[in-house]
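Everything below concerns the one structure shown next.
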Amino acid sequence: MLRIRNGKVYDPAHNVNGEVRDVCIADGKIVADVDASARTIDATGMIVFPGGVDVHTHIGGAALNFARGLIPEQHRKATPIFHSPERRAGIIGTTPTTFATGYVYAGMGWTTANEAAVPVLSAKHTHEELHDTPIIDKTCCVLMANNELVLDLLENDEHERAKEVVAWYVWAAKAYGIKAVNPGGVAGWKWGKDCKGLSDVVPGYKKVTPSKIVAALAQIADDLKLPHPVHLHCNNLGAPGNASTTIETMKVLEGRRAHLAHLQYHAYGGDDWFTMRSAAVEIAEHFNANPNLTCDAGAVLFGNTVTVTADGPWQHLLYQLTGRKWGNLDVENETGCGVVPYVYKEKNVVNAVQWAVGLELLLLITDPWRICLTTDHPNGATFWRYPEIVQLLMSFEFRKEQLKQFPDSTLSRMVLPELTREYTLGEIATITSAGPARTLGLTQKGHLGVGADADIAIYNESTDVAKMFAHPRYVLKGGEVIVEEGELRKSGLGRQFAVKPQYDESIEDYLRPLFQQHYTMSFENYPVSCERVHGLEVQPCNYCGTPHR
Amino acid sequence: MLTLTLKELTTVPLEAEALCPDMLAGLSLEAIRALPVLLGKRSLRLDDFFSIEGEGGEDIEIRGDLVKVKWIGRGMTRGRIRVVGNAGMHLGAYMKGGSIEVTGNATDWVGGEMSGGSIHIAGNAGGQLGCAYRGSMSGMSGGTILVEGSAGIELGMRMKRGLIAVRGPVRDFAGLQMKGGTIVLMSGAELRTGAWMIRGTIISMKPLRLLPTFSHACDYNPMFLGVYSKHLAKLGFSIPHDVHDGTYRRYTGDAAVPGKGELLVWQPR
Chain A
227 MLRIRNGKVY
237 DPAHNVNGEV
247 RDVCIADGKI
257 VADVDASART
267 IDATGMIVFP
277 GGVDVHTHIG
287 GAALNFARGL
297 IPEQHRKATP
307 IFHSPERRAG
317 IIGTTPTTFA
327 TGYVYAGMGW
337 TTANEAAVPV
347 LSAKHTHEEL
357 HDTPIIDKTC
367 CVLMANNELV
377 LDLLENDEHE
387 RAKEVVAWYV
397 WAAKAYGIKA
407 VNPGGVAGWK
417 WGKDCKGLSD
427 VVPGYKKVTP
437 SKIVAALAQI
447 ADDLKLPHPV
457 HLHCNNLGAP
467 GNASTTIETM
477 KVLEGRRAHL
487 AHLQYHAYGG
497 DDWFTMRSAA
507 VEIAEHFNAN
517 PNLTCDAGAV
527 LFGNTVTVTA
537 DGPWQHLLYQ
547 LTGRKWGNLD
557 VENETGCGVV
567 PYVYKEKNVV
577 NAVQWAVGLE
587 LLLLITDPWR
597 ICLTTDHPNG
607 ATFWRYPEIV
617 QLLMSFEFRK
627 EQLKQFPDST
637 LSRMVLPELT
647 REYTLGEIAT
657 ITSAGPARTL
667 GLTQKGHLGV
677 GADADIAIYN
687 ESTDVAKMFA
697 HPRYVLKGGE
707 VIVEEGELRK
717 SGLGRQFAVK
727 PQYDESIEDY
737 LRPLFQQHYT
747 MSFENYPVSC
757 ERVHGLEVQP
767 CNYCGTPHR
Chain B
3 MLTLTLKELT
13 TVPLEAEALC
23 PDMLAGLSLE
33 AIRALPVLLG
43 KRSLRLDDFF
53 SIEGEGGEDI
63 EIRGDLVKVK
73 WIGRGMTRGR
83 IRVVGNAGMH
93 LGAYMKGGSI
103 EVTGNATDWV
113 GGEMSGGSIH
123 IAGNAGGQLG
133 CAYRGSMSGM
143 SGGTILVEGS
153 AGIELGMRMK
163 RGLIAVRGPV
173 RDFAGLQMKG
183 GTIVLMSGAE
193 LRTGAWMIRG
203 TIISMKPLRL
213 LPTFSHACDY
223 NPMFLGVYSK
233 HLAKLGFSIP
243 HDVHDGTYRR
253 YTGDAAVPGK
263 GELLVWQPR
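Below you can see the structure in the form of structure tokens.
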């Protein structure tokens, strides 16, 4: 039992905005009151946030591990974590090791993370890595938009069976949601092609188009009542002028739920790299008008990083632009994957525009509940740089200072200099915790109401927000004090959330012969068994047509 | 001046990052004696291995067969180290300034990723002189390494700037993946010189066995060598540049990358 006394509490889900009050905890949950014998943390002069929730990150699995292997030059300069009785050794850097990932997330007050892209074929590996990512709770999304068994069904308009197959895959991967990456484009990449437009026919098919896949998967997520909508990485990522594709995607969804991942990468205007500019205004306008949508920023910060995505064709293009290293993985008939180390430079006009677009979207999208703070870790920047973004969002003056480094020719491509909005602490709590938890449909996360998981971050209130949010004074995870006086004191295992959507068991009779024909793995060995997912908790599929408000 | 004399050759390598002017300057003799060194995984005192005399400062002389002593002058930014005898691996790694002089031989990884300062080796050096460490994108980015004897493989691998000059013969893969800087080979090199080089200059006084991916560009006497040879002459490496004595045959490559590096091979008249 524990009482956090006199903290300034920010709990946007209950419209609590900086009220000084007590938060009480018993048995890992938030309760109304505890008796006087409970331990007390005096939070006078401190602010109390629900623990951060990362809606889109890449922290485990085959692709990230491939990235880890590809960038020894970054690891050797990364900050080490030394072995101690509470901690395993590891390194931080751009792609932290599994244990370090858990320590660093928890160390800055983030307690839940959604691994955004998992092929079923490497789901076992991913779950092992997520097990070794301590403290934080995890969910993952399974890649479906380029799965050839699913595309074959959409080709023949067998929507009902496609729904059963997707449901089977989600449970086979012990996933929490459906991820769509460059729908059809990655399947096309296996023919050396891509699908840039929503009405392009997917190479190898006669009828299937990206728009058909997007609509089908969004519908399936709704029909299966998944708590998290289809997690959509739109077509034509990163390309100048791709805003039109993104807006078209919003139209194709026709009011169905969807989460648009790393929207920053999909909000560019112009015709080529020389005329590329921000299209954040158009994107935000359409987004604001579509209450069925949520998104995450996918903001970019300048510096060294590595890009990891299932979007194989884009990564090949990026490799051609950088001329450095390139990793390409083929995941049989499920998806592809590309890895390219990258440096975002202030002096590069394209990078400067990307940096601005991420912030512009965060400032132009009016409802903070519908945009989450992410950097698409490690693509835009590493997750431990989130406090830097918070600082940019909270201070117009600081942004003005940063904008001074760019010449007029660069500034004319962005709208950021005109945006005077400044985030309040309540809004920061929304985009870092309450909003993403609601987007994920995790009702026990992201708020401090009675019955919620006691995941809490307590910061020493300070005007230096970047420093404040990077170093919480206390962090509680499931009621346990993990960080005390700014130091990581404990490290327990986190849980993994999955869903079991309803499907007819007889779908296995349909899938079994296809597996023998197309997969290198036998059908029986393919699904991830429950015993392999450490700390598995199955969440209900009870989405009922209204947002969880 | 501070004088350290090795008491006896250890069987296990001794990691002595303490042997660096930046670490020793301003310390009392007592404090210097107590500095930690690693023998295998055991942390011991510097005076367990060295007898130490004189006074702490930026001028250090180390005597004895230091072939097992690693990381001498690691990351130094100033001062002078004189090794009377042989030096062990990673001599002057990451150094930024100051000078190191070795009267005997040095082994592998001399001046790894150094960015400034100078290293002079009177005897032979090992492999990976001025190299990038494994997994790193670039090696030496400034400074000078001069070797009077021979040198081993992968000389100047991924070097970006700076000068390496070797009087004796050099083994395979000199200038591997070189990105810039200058290598002077007074007695030539063995196989695959300049493999994967992107930019930079390798000057050889002896004919080289070239990779097929280097193409002959021209025979000429580069203007810059007139100036550069004066600089090299001050360092004790005289190279000919007068048109009456001969010409340099210029090869460009490595076309396998493709790169724009240059190999200049002296052709006496």
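If you're matching them up, the sequences are chains A and B in order. Residue numbering for the first sequence is 227 to 775, as defined by my numbering. Residue numbering for the second sequence is 3 to 271, as defined by my numbering. All residues carry an ideal CB built from backbone N, CA and C; glycine is no exception.
What residues of chain A sit near residue i, judged by a beta carbon separation below 8 Å?
{"i": "Met-139/B", "result": "Glu-299"}
What's the gap between the Cα of residue i and the Cα of residue j?
{"i": "His-774/A", "j": "Arg-664/A", "result": "Because the pLDDT at His-774/A is just 43, under 50, the model does not fix this residue reliably, and the value given afterwards should be weighed accordingly. Going from the Cα of His-774/A to the Cα of Arg-664/A covers about 6 Å."}
{"i": "His-92/B", "j": "Gly-106/B", "result": "15 Å"}
{"i": "Leu-642/A", "j": "Val-281/A", "result": "24 Å"}
{"i": "Met-227/A", "j": "Ala-264/A", "result": "5 Å"}
{"i": "Glu-713/A", "j": "Phe-695/A", "result": "14 Å"}
{"i": "Pro-255/A", "j": "Glu-763/A", "result": "The displayed chain sequence assigns Lys, not Pro, to residue 255/A. Cα to Cα, the separation comes out at about 16 Å."}
{"i": "Ala-506/A", "j": "Thr-646/A", "result": "15 Å"}
{"i": "Ser-152/B", "j": "Ala-127/B", "result": "6 Å"}
{"i": "Lys-234/A", "j": "Leu-589/A", "result": "25 Å"}
{"i": "Cys-133/B", "j": "Ala-578/A", "result": "34 Å"}
{"i": "Ser-120/B", "j": "Asp-244/B", "result": "28 Å"}
{"i": "Ile-241/B", "j": "Tyr-135/B", "result": "30 Å"}
{"i": "Ser-138/B", "j": "Gly-182/B", "result": "15 Å"}
{"i": "Gly-335/A", "j": "Lys-419/A", "result": "42 Å"}
{"i": "Ile-54/B", "j": "Gly-90/B", "result": "19 Å"}
{"i": "Arg-639/A", "j": "Thr-283/A", "result": "28 Å"}
{"i": "Arg-721/A", "j": "Asp-681/A", "result": "13 Å"}
{"i": "Tyr-729/A", "j": "Pro-453/A", "result": "16 Å"}
{"i": "Leu-165/B", "j": "Thr-146/B", "result": "5 Å"}
{"i": "Glu-245/A", "j": "Ile-361/A", "result": "28 Å"}
{"i": "Ile-191/B", "j": "Gly-261/B", "result": "Per the sequence shown, the amino acid found at residue 191/B is Ala instead of Ile. Each residue's alpha carbon lies about 20 Å from the other."}
In its own chain, which residues sit with a C-beta less than 8 Å from the C-beta of residue i, not counting the 5 before and 5 after it?
{"i": "His-240/A", "result": "His-673, Leu-674, Gly-675"}
{"i": "Ala-655/A", "result": "Tyr-236, Asp-237, Pro-238, Phe-275, Pro-276"}
{"i": "Leu-46/B", "result": "Pro-38, Val-39, Leu-40"}
Return the bridge partner residues of residue i from the DSSP annotation.
{"i": "Cys-598/A", "result": "Asp-522/A"}
{"i": "Pro-38/B", "result": "Arg-47/B"}
{"i": "Lys-72/B", "result": "Glu-17/B"}
{"i": "Lys-234/A", "result": "Val-246/A, Ile-273/A"}
{"i": "Val-563/A", "result": "Reading off the sequence, residue 563/A comes out as Cys, not Val. For Cys-563/A, which the question treats as bridged, DSSP gives the partners Leu-555/A."}
{"i": "Gly-430/A", "result": "Gly-430/A pairs with nothing; no bridge assigned."}
{"i": "Pro-270/B", "result": "Gly-248/B"}
{"i": "Val-168/B", "result": "Val-149/B, Leu-187/B"}
{"i": "Glu-63/B", "result": "Thr-5/B, Arg-84/B"}
{"i": "Thr-338/A", "result": "Val-279/A, Asp-363/A"}
Less than 6 Å between C-beta atoms, sequence neighbours within five positions excluded: which residues of the same chain meet that for residue i?
{"i": "Ala-692/A", "result": "Pro-613, Glu-614, Gln-617"}
{"i": "Gly-606/A", "result": "Gly-524, Ala-525, Val-526"}
{"i": "Gly-553/A", "result": "Phe-292, Leu-296, Val-565"}
{"i": "Leu-157/B", "result": "Leu-131, Val-172, Ala-176"}
{"i": "Arg-247/A", "result": "Val-235"}
{"i": "Ile-273/A", "result": "Lys-234, Tyr-685, Glu-687"}
{"i": "Val-86/B", "result": "Arg-65, Thr-105"}
{"i": "Thr-203/B", "result": "Thr-184, Glu-264"}
{"i": "Glu-17/B", "result": "Leu-40, Lys-72, Trp-73"}
Given that residue i touches chain B, what residues does it touch there, using C-beta distances under 8 Å?
{"i": "Arg-302/A", "result": "Tyr-135, Gly-137, Ser-138"}
In its own chain, which residues sit with a C-beta less than 7 Å from the C-beta of residue i, not counting the 5 before and 5 after it?
{"i": "Gly-538/A", "result": "Val-412, Trp-415, Asn-554, Gly-562, Cys-563, Gly-564"}
{"i": "Ser-140/B", "result": "Ala-134, Arg-160, Lys-162, Lys-181"}
{"i": "Asn-516/A", "result": "Met-476"}
Below 8 Å, how does it come out for the stretch 374–391 of chain A and the stretch 332–340 of chain A: are there three or more Cβ pairs, yes or no?
no
Three or more beta-carbon pairs under 8 Å between the stretch 730–750 of chain A and the stretch 324–332 of chain A, yes or no?
no
For the 8 Å Cβ check, are there 3 or more pairs between the stretch 344–364 of chain A and the stretch 741–756 of chain A?
yes
Is it the case that the stretch 298–313 of chain A contacts the stretch 579–591 of chain A, given that we only count it when at least three CB pairs across the two stretches are under 8 Å?
no
Spell out a yes or no on whether the stretch 442–458 of chain A and the stretch 471–483 of chain A are touching, meaning 3 or more CB-CB pairs, one atom from each, closer than 8 Å.
yes
Taking one C-beta from the stretch 379–389 of chain A and one from the stretch 694–709 of chain A each time, how about it: are there three or more such pairs within less than 8 Å?
no
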